[in-house]
Amino acid sequence: MSSDAPVAEIPGDTRRDRIVDDLRGHLGASLVDSLVKPGDDVWVRVEASAWRRAGEILRHEMGFDYFCFLSAIDWLPSPYGKGEDDPTEPPPERDDTIRQGYAGGQTRLQLLARVVSSTDHIGVNVKCDVADADPSVESWIPVYAGANWHERETHEMFGIGFTGHPDLRNMYLPTEFEGHPLRKDFPLLARMVKPWPGIVDVEPLPGGGDDEEGEGE
Amino acid sequence: MTSTESLLDRRQMAYIAAQASDARVNVELETEGMTLNIGPQHPATHGTLRIIARLDGEQVVWAEPSCGYMHRGYEKLTEVRTYPQVTALINRIDWLGSFANEVPFILAAEKLMGIEAPPRAQWIRTILFELSRIANVSLFLGDLGVQLGAVTPVFMAFRDREYVLNLIEGATGGRFHPNFDRIGGLKDDLPAGFIDETRVVMKKLRNFCDEMENLLFGNEIFQSRTRGIGVIPKDIALQYGLSGANLRASGVDWDLRRDQSLPMAWDKIDWKVWTHPDGDSFARCWIRLQEVRESTRIVDQLLDGIPSGPVMAKVPRIIKVPEGEAWVSTENPLGEMGYYVVSKGELGPFRTKIRSASFNNISIVPWVLKGVYVPDIITILASLYFILGDIDR
Numbered sequence: 011m012s013s014d015a016p017v018a019e020i021p022g023d024t025r026r027d028r029i030v031d032d033l034r035g036h037l038g039a040s041l042v043d044s045l046v047k048p049g050d051d052v053w054v055r056v057e058a059s060a061w062r063r064a065g066e067i068l069r070h071e072m073g074f075d076y077f078c079f080l081s082a083i084d085w086l087p088s089p090y091g092k093g094e095d096d097p098t099e100p101p102p103e104r105d106d107t108i109r110q111g112y113a114g115g116q117t118r119l120q121l122l123a124r125v126v127s128s129t130d131h132i133g134v135n136v137k138c139d140v141a142d143a144d145p146s147v148e149s150w151i152p153v154y155a156g157a158n159w160h161e162r163e164t165h166e167m168f169g170i171g172f173t174g175h176p177d178l179r180n181m182y183l184p185t186e187f188e189g190h191p192l193r194k195d196f197p198l199l200a201r202m203v204k205p206w207p208g209i210v211d212v213e214p215l216p217g218g219g220d221d222e223e224g225e226g227e
Numbered sequence: 003m004t005s006t007e008s009l010l011d012r013r014q015m016a017y018i019a020a021q022a023s024d025a026r027v028n029v030e031l032e033t034e035g036m037t038l039n040i041g042p043q044h045p046a047t048h049g050t051l052r053i054i055a056r057l058d059g060e061q062v063v064w065a066e067p068s069c070g071y072m073h074r075g076y077e078k079l080t081e082v083r084t085y086p087q088v089t090a091l092i093n094r095i096d097w098l099g100s101f102a103n104e105v106p107f108i109l110a111a112e113k114l115m116g117i118e119a120p121p122r123a124q125w126i127r128t129i130l131f132e133l134s135r136i137a138n139v140s141l142f143l144g145d146l147g148v149q150l151g152a153v154t155p156v157f158m159a160f161r162d163r164e165y166v167l168n169l170i171e172g173a174t175g176g177r178f179h180p181n182f183d184r185i186g187g188l189k190d191d192l193p194a195g196f197i198d199e200t201r202v203v204m205k206k207l208r209n210f211c212d213e214m215e216n217l218l219f220g221n222e223i224f225q226s227r228t229r230g231i232g233v234i235p236k237d238i239a240l241q242y243g244l245s246g247a248n249l250r251a252s253g254v255d256w257d258l259r260r261d262q263s264l265p266m267a268w269d270k271i272d273w274k275v276w277t278h279p280d281g282d283s284f285a286r287c288w289i290r291l292q293e294v295r296e297s298t299r300i301v302d303q304l305l306d307g308i309p310s311g312p313v314m315a316k317v318p319r320i321i322k323v324p325e326g327e328a329w330v331s332t333e334n335p336l337g338e339m340g341y342y343v344v345s346k347g348e349l350g351p352f353r354t355k356i357r358s359a360s361f362n363n364i365s366i367v368p369w370v371l372k373g374v375y376v377p378d379i380i381t382i383l384a385s386l387y388f389i390l391g392d393i394d395r
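Here the protein sequences come in this chain order: L and S. Everything in the first sequence is counted per my numbering, starting at 11 for the first residue and increasing by one. Everything in the second sequence is counted per my numbering, starting at 3 for the first residue and increasing by one.
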């Protein structure tokens, strides 16, 4: 907001920096990485072994009492692209290097949760690397009861286990469903059988605009 | 004032005492449990939500909603679409307040691109956002009556919502799914005559709120069916991530329209955030009624001050969003709706986490239904207010 930016930004900065410092004070080396975007948001990455502990500290010691969401990110670039390829042609070469986002990372799958303080309305995005071989962390249910459904969803969609979760049944899909749909290597079958023309949806204006370059990309 | 308050207190106390004595009787006359299936096709489920409740006599021992009858996989679908195409999808998450779904996603994309919509677009966005809220929540008020056995309010709600939908249709071309928000602004400016007509409609909606308050909220049956039913304390509400009116009804003074800085017009006008200390079904319904009324006031004030200028910033015709991650959430009709957008600098998002309000709001159902009576299941579900598309996405 342009009008109140000078007021909001400077205290926001120090507050967010303090969040990272406080959390590092509690977790020590288990807090692997962090990123503060001034006046915007803060990201921290903790070790999988400290996942539950990070939640406990955030809720009980630092006042982040509002549970916003818990999910995961699969950083593998999709081997199918955007599903716009012609199925009769051999698939094109694609870059398959894994580049993690803010606050770095080492593994393909990362947990992502967001908790917010209901008093000063600042949120923290907590990330956590989970091993490819046995993706599993401790459940957050004892800390934030609302994590229950979110962990069920994450388990179903990404195949990440939550030890201590009482009931990791599927939320949406049939029980006998195989695979984890939100993983990038899970193909979107509707796109595999028929090329989708919608990927290019920008057509030149009849009169011709002034910034038409990049057409047909 | 004090006399009514003590009267209500007495009524509440009497209710609690009656419940306690019932519970004692139930312990003495222990009955064989039974499982009751509510839905998936029940009018109280706003779609297809199934509630499995295990009963002991008339009391719920255990209850669990079963979702997934309407799972459409939007998070996966966003990964194979371009940014402008995503708005057509996310319109259908909360289908009663569609325009409000588009705004946080567009704001997240704009945040990643480092652009901001021109002031006029911000104001019109805010107006349409509030109109979505009015259309959505006024239908809730009517529906609430039906679920508690009062048939009249729903007809009034459909009648008056129609005026708002006409406004939205006039401005955007779509009654339910406007798909009007664009990265960098809006598709079009407001049509001629929109402002005058909106003023008239807002007056009608305020009348509607008064009618509802007299007809429904003042009704003794309504009061005795909602007061003290499904009480959610503040800390439980926060733990489960309840948001919007459900959270404010538990006494948390938090509204994302006021408490964060977004490029929207809410901070330019004078309005009030309503809270209620009780946390029961009545409080949740009452907050929503006040919020519709407050929204009509917000719209009226916004209409007075729409700035002139373009409604679209300069953006390239092919939108590529720079690499990064952004979280934007807004106070939607159902509660906090947010998008965590991960971009890899391509034409479409790499990953979108859709944080929808109803998913969290309904995840509290197993907790809050424990120990209530069968008719109260419907009251509590109605007062928590969910839209199926918003749970299943």
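Here a beta-carbon is modelled for each residue, glycine too, at the ideal position from N, C-alpha and C.
Cβ pair Thr164 (chain L), Glu148 (chain L) closer than 8 Å | Glu148 (chain L) sits away from Thr164 (chain L), with the two beta carbons spaced by 8 Å or more.
Residues that Phe77 (chain L) bridges to, as DSSP identifies them | Looking at the DSSP assignment, Phe77 (chain L) forms a beta bridge with L:Val125.
Any Cβ of chain L within less than 8 Å of the Cβ of Asp394 (chain S)?
-> Closer than 8 Å to some Cβ of chain L, the Cβ of Asp394 (chain S) qualifies, so yes.
Would you identify the three-state DSSP class for Gly171 (chain L), choosing helix, strand or coil?
-> In this structure, Gly171 (chain L) counts as strand in the three-state DSSP scheme.
So which of L:Ile170, L:Arg104, L:Asp177, L:Gly169 has the shortest CA-CA distance to Ile158 (chain L)?
-> Going by the sequence as given, residue 158 (chain L) is Asn instead of Ile. If we check each option's Cα against that of Asn158 (chain L), L:Asp177 comes out closest.
When burial is assigned at 16 or more other CB atoms within 10 Å of the CB, is Leu38 (chain S) buried or exposed?
-> Exposure of Leu38 (chain S) is indicated by the presence of fewer than 16 other C-beta atoms within 10 angstroms of its C-beta.
In whole angstroms, what separates the C-alpha of Asp43 (chain L) from that of Gly340 (chain S)?
-> Looking at the backbone, the Cα of Asp43 (chain L) and that of Gly340 (chain S) are separated by about 24 Å.
In this structure, does DSSP put Cys211 (chain S) in helix, strand or coil?
-> Taken through DSSP and simplified to helix, strand or coil, Cys211 (chain S) comes out as helix.
Can you tell me which of L:Asp105, L:Leu86, L:Arg63, L:Tyr182 puts its alpha carbon nearest to the alpha carbon of Asp142 (chain L)?
-> Taking each of L:Asp105, L:Leu86, L:Arg63, L:Tyr182 in turn and checking the Cα distance to Asp142 (chain L), the smallest one comes out for L:Leu86.
Grab the span of the alpha helix (DSSP H) containing Ser283 (chain S) for me, first residue to last.
-> Where Ser283 (chain S) is concerned, the enclosing alpha helix (DSSP H) starts and stops at 283-306.
Examine chain S for any beta-carbon lying closer than 8 Å to the beta-carbon of Lys3 (chain L), and answer yes or no.
-> Chain L is shown only over 11 to 227; residue 3 (chain L) falls outside these bounds and no answer can be derived.
How about Met72 (chain L): is its C-beta nearer than 8 Å to some C-beta of chain S?
-> Not a single CB atom of chain S sits nearer than 8 Å to the CB of Met72 (chain L).
Length at least 4, wholly inside the segment 338-370 of chain S: the alpha helix (DSSP H) runs in chain order = The qualifying runs are 359-365, 367-370.
Report the three-state DSSP secondary structure of Ser59 (chain L) (helix, strand or coil).
-> Three-state DSSP puts Ser59 (chain L) in a helix.
Residues in its own chain within less than 6 Å of Asp2 (chain S) by CB, not counting five upstream and five downstream?
-> Coverage of chain S is limited to positions 3 through 395, which leaves residue 2 (chain S) absent and any answer about it impossible.
Arg162 (chain L) versus Met181 (chain L) - alpha carbon distance = Their backbone Cα atoms lie some 6 Å apart in a straight line.
Chain L contact for Cys211 (chain S) (CB, 8 Å cutoff) = With 8 Å as the cut-off, Cys211 (chain S) does not count as an interface residue toward chain L.
Roughly how many angstroms separate the alpha carbons of Ser12 (chain L) and Leu291 (chain S), rounded to a whole number?
-> Note that Ser12 (chain L) scores 43 on pLDDT, short of 50, meaning its location in the model is unreliable and no value can be drawn from it.
Would a C-beta distance cut-off of 8 Å place Leu169 (chain S) and Ile366 (chain S) closer than the cut-off?
-> No, the pair does not count as a contact, with Cβ atoms beyond the cut-off.
Continuous alpha helix (DSSP H) stretch holding Pro155 (chain S): start and end = From DSSP, the alpha helix (DSSP H) with Pro155 (chain S) extends over 154-174.
So with Cβ pairs under 8 Å, would you call Gln303 (chain S) a contact of chain L?
-> Proximity of Gln303 (chain S) to chain L, defined by a Cβ-Cβ separation below 8 Å, is not satisfied.
Candidates S:Leu264, S:Asn216, S:Gly253: which alpha carbon is nearest Asp280 (chain S)'s?
-> If we check each option's Cα against that of Asp280 (chain S), S:Gly253 comes out closest.
Using the beta-carbon count (16 or more within 10 Å), is His70 (chain L) buried or exposed?
-> Within a 10 Å sphere around the beta-carbon of His70 (chain L) sit fewer than 16 other beta-carbons, which makes this residue exposed.
Three or more beta-carbon pairs under 8 Å between the segment 344-352 of chain S and the segment 80-88 of chain S, yes or no?
-> Result yes; three or more Cβ-Cβ pairs closer than 8 Å.
Taking only the alpha-carbon atoms, compute the straight-line gap between Gly226 (chain L) and Arg319 (chain S) and give it to the nearest angstrom.
-> With a pLDDT of only 40 at Gly226 (chain L), under the threshold of 50, the placement of this residue in the model should not be trusted; the figure read from the coordinates follows. Approximately 11 Å, taken between the alpha carbons.
Throw me the rounded Cβ distance for the Pro145 (chain L) and Gly169 (chain L) pair, which I believe falls under 8 Å.
-> In this structure Pro145 (chain L) is in contact with Gly169 (chain L), their Cβ atoms being roughly 6 Å apart against a cut-off of 8 Å.
Helix, strand or coil: how does DSSP classify Gly226 (chain L) here?
-> With a pLDDT of 40 at Gly226 (chain L), under the threshold of 50, the predicted position of this residue should be treated as unreliable, though the coordinate-derived value follows. Here Gly226 (chain L) sits in coil by DSSP.
Short Cβ contact (8 Å threshold) for Val140 (chain L) with Thr117 (chain L) = Their beta carbons are under 8 Å apart, which means Val140 (chain L) touches Thr117 (chain L) by this criterion.
Beta-carbon proximity check, Leu336 (chain S) vs Ile382 (chain S), cutoff 8 Å = Contact flag unset, no.
Buried or exposed: where does Ser310 (chain S) fall if 16 or more other Cβ atoms within 10 Å of its Cβ makes it buried?
-> It counts as exposed.
Quick one: list the residues of chain S neighbouring Ala155 (chain L), beta-carbon separation under 9 Å, in chain order.
-> By Cβ distance, chain S contributes Ile238, Gln241, Tyr242, Ser365, Ile366, Trp369.
Name the chain L residues whose beta carbon is nearer than 8 Å to that of Cys69 (chain S)?
-> The contacting residues are Met181, Tyr182.
Determine whether the Cβ of Val105 (chain S) lies closer than 8 Å to any Cβ atom of chain L.
-> It does not: the Cβ of Val105 (chain S) has no partner Cβ on chain L nearer than 8 Å.
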